[in-house]
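Residue numbers (this note's numbering): 843 to 1053. Quick notes on the structure that follows.
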């Protein structure tokens, strides 16, 4: 039979805190939950510490809100661009016309310095198998040699990050939709691909119709 646990009195709490002066440093959430009204010895320092933590918490919340608002605006901008591209799919009557319209529209996205819809050609085969064989998209960096396969260096400076989307399959590729950015983190594997995935599906259907 287990012994009944005796209640902890105030003196034991005081003794413990005296032996562990860094307790509130390691357990800041306890300090934030305290209601500091009395003016006993040492309390003003705790109140100042609590105020500092609350200010830091407030700053973090403001930063999170600002980041959320920025992401919401970015997502709205991307949504509008791809909505416009969806409409253009059915206005264009040739591959070249469609490629030009997509480049003009999608390059309006911040930090996108180039957008190309490239028909499949044999010299793209190695890059497709190395970058797009596991998934139909690749977001990250390319070698200088791979970059020149997509863009002439005089027209597009070396991209710090790229996004590649395969139209068709690895066995029967039809085209590549390629984006270049001047920011290293703009295209990464963490990106949300919801809008672009839906667009790629529509683009593939339209290119099949134009073939």
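Beta carbons: idealized from backbone N, C-alpha and C, even for Gly.
With H, G and I counted as helix, E and B as strand and the rest as coil, what does DSSP make of residue i?
i            : result
residue 1008 : strand
residue 949  : coil
residue 850  : coil
residue 1053 : coil
residue 1044 : helix
residue 881  : Confidence at residue 881 is low in this model, with a pLDDT of 47, below 50, so the placement of that residue is unreliable and no value is reported for it.
residue 862  : coil
residue 908  : helix
residue 1025 : coil
residue 856  : helix
Do you know offhand how far residue i's Cα is from residue j's?
i            : j            : result
residue 882  : residue 896  : Bear in mind that the predicted position of residue 882 carries a pLDDT of just 47, short of 50, making it unreliable; the figure below should be weighed with that in mind. Their backbone Cα atoms lie some 21 Å apart in a straight line.
residue 952  : residue 900  : 30 Å
residue 854  : residue 893  : 27 Å
residue 1009 : residue 1042 : 7 Å
residue 968  : residue 975  : 10 Å
residue 1033 : residue 852  : 53 Å
residue 960  : residue 1030 : 21 Å
residue 1011 : residue 910  : 36 Å
residue 978  : residue 919  : 24 Å
residue 948  : residue 1049 : 18 Å
residue 1014 : residue 922  : 31 Å
residue 932  : residue 1044 : 10 Å
residue 926  : residue 1035 : 17 Å
residue 983  : residue 970  : 14 Å
residue 990  : residue 964  : 14 Å
residue 865  : residue 907  : 31 Å
residue 867  : residue 856  : 16 Å
Which word fits residue i, buried or exposed, when buried means at least 16 other C-beta atoms lie within 10 angstroms of its C-beta?
i            : result
residue 993  : buried
residue 1023 : buried
residue 972  : exposed
residue 858  : exposed
residue 1028 : buried
residue 999  : exposed
residue 879  : Low confidence applies to residue 879: its pLDDT is 49, below 50, so where it sits in the model is not reliable enough to give any reading.
residue 1017 : buried
residue 1046 : buried
residue 850  : exposed
residue 940  : buried
residue 966  : buried
residue 981  : buried
I believe residue i touches residue j by the beta-carbon criterion, under 8 Å. Please report the beta-carbon distance rounded to the nearest angstrom.
i            : j            : result
residue 1003 : residue 1025 : 6 Å
residue 958  : residue 1020 : 5 Å
residue 924  : residue 1052 : So it is not a contact: roughly 19 Å between Cβ atoms.
residue 928  : residue 943  : The pair is not a contact, with the Cβ atoms about 12 Å apart (cut-off 8 Å).
residue 955  : residue 1001 : 7 Å
Of all the alpha helix (DSSP H) runs that stay within the bounds of the segment 925 to 997, which reach a length of 4 or more residues? 937 to 948, 967 to 973, 986 to 992
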